[in-house]
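Remarks on the structure that follows.
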Amino acid sequence: GAGVSQSPRYKVAKRGQDVALRCDPISGHVSLFWYQQALGQGPEFLTYFQNEAQLDKSGLPSDRFFAERPEGSVSTLKIQRTQQEDSAVYLCASSSWTLTRGTEAFFGQGTRLTVV
Amino acid sequence: GDSVTQMEGPVTLSEEAFLTINCTYTATGYPSLFWYVQYPGEGLQLLLKATKADDKGSNKGFEATYRKETTSFHLEKGSVQVSDSAVYFCALSIETSGSRLTFGEGTQLTVNP
């Protein structure tokens, strides 16, 4: 596609509900990242995939957060038993794999999750 | 750990004013440095970058120089326009961390006509 696409754009969940957020990266991009952006803050790293392999999940805040990218393309971030502190914008970014320093990451518009 | 600190905002300027947004970093390795911008209703997009010391990144009239001695990457523009109103994020990445980005907290810029 022309850019990184995320769906849904907005999600309201009741506390305790499970949610799934989808990311369609730019076609051919090997690297995929998820970030969490709280209101008025910068994005914070959650997890990183290279193709289908999840190479780094050190930023996931708890075991309620789970991400997958089974075919090395579309990725899903799942949050189980949502809590109010999970309310944030979830950003997906993709980039081509290269040995060059400073590779550009392309971001989607994000999914705004509100837990009530 | 790695971190990025930006000047506190928000910043409000008149059109054609000079802009500086300060950014300093702490990194365990040798980072690449970026400025990303988020226009209202849009996703984050790369504004400029620098990958080694003394490099200057530039785009759309914005500039930033990678200063290793002061661990800084300040963003400047000589004459801002209303269309520059956005949130600006300074960020770093280190290849050994899979090139994930570490962001500052962002600076909201409003330019008035």
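As they're listed, the protein sequences go chains A and B. Counting from 1, position 44 in the first sequence corresponds to residue 788 in my numbering; the numbering is continuous, with no gaps. Counting from 1, position 2 in the second sequence corresponds to residue 17 in my numbering; the numbering is continuous, with no gaps. Cβ coordinates follow ideal geometry from the N, Cα and C atoms, glycine included. Since we're looking at a predicted model, the values are computed, not measured.
Could you tell me the alpha carbon to alpha carbon distance between residue i and residue j, rounded to whole angstroms?
{"i": "phenylalanine 789/A", "j": "phenylalanine 118/B", "result": "9 angstroms"}
{"i": "phenylalanine 793/A", "j": "leucine 804/A", "result": "13 angstroms"}
{"i": "leucine 63/B", "j": "valine 859/A", "result": "35 angstroms"}
{"i": "serine 18/B", "j": "alanine 106/B", "result": "9 angstroms"}
{"i": "aspartate 768/A", "j": "glutamine 824/A", "result": "21 angstroms"}
{"i": "serine 819/A", "j": "arginine 766/A", "result": "6 angstroms"}
{"i": "phenylalanine 49/B", "j": "glycine 93/B", "result": "19 angstroms"}
{"i": "tryptophan 841/A", "j": "serine 108/B", "result": "14 angstroms"}
{"i": "threonine 791/A", "j": "leucine 821/A", "result": "10 angstroms"}
For a cutoff of 8 angstroms on Cβ pairs, would you count residue i as touching chain A?
{"i": "threonine 86/B", "result": "no"}
{"i": "leucine 116/B", "result": "yes"}
{"i": "threonine 66/B", "result": "yes"}
{"i": "leucine 62/B", "result": "no"}
{"i": "phenylalanine 77/B", "result": "no"}
For chain B, find out if any of its Cβ atoms is closer than 8 angstroms to the Cβ of residue i; answer yes or no.
{"i": "phenylalanine 789/A", "result": "yes"}
{"i": "glycine 816/A", "result": "no"}
{"i": "leucine 804/A", "result": "no"}
{"i": "arginine 856/A", "result": "no"}
Can you find the residues in the same chain that come closer than 7 angstroms, C-beta to C-beta, to residue i, ignoring five residues on each side of it along the sequence?
{"i": "leucine 857/A", "result": "Lys755, Ala757, Val763, Asp830, Ser831, Ala832, Tyr834"}
{"i": "methionine 9/B", "result": "A question about residue 9/B goes unanswered here, because the residues of chain B that appear run from 16 up to 128."}
{"i": "glycine 24/B", "result": "Thr122, Gln123"}
What are the partner residues of residue i, as DSSP defines its beta bridges?
{"i": "serine 73/B", "result": "Glu78/B"}
{"i": "tyrosine 51/B", "result": "Leu61/B, Phe104/B"}
{"i": "threonine 125/B", "result": "Thr27/B"}
{"i": "arginine 856/A", "result": "Tyr754/A, Val833/A"}
Report whether the distance from the Cβ of residue i to the nearest heavy atom of the ligand ATP is below 7 angstroms.
{"i": "glutamine 853/A", "result": "The model on display carries no ligand, and the ligand ATP is accordingly not part of it."}
- Message: With three or more beta-carbon pairs closer than 8 angstroms as the criterion, would you say the stretch 815 to 835 of chain A touches the stretch 772 to 784 of chain A?
- Response: yes
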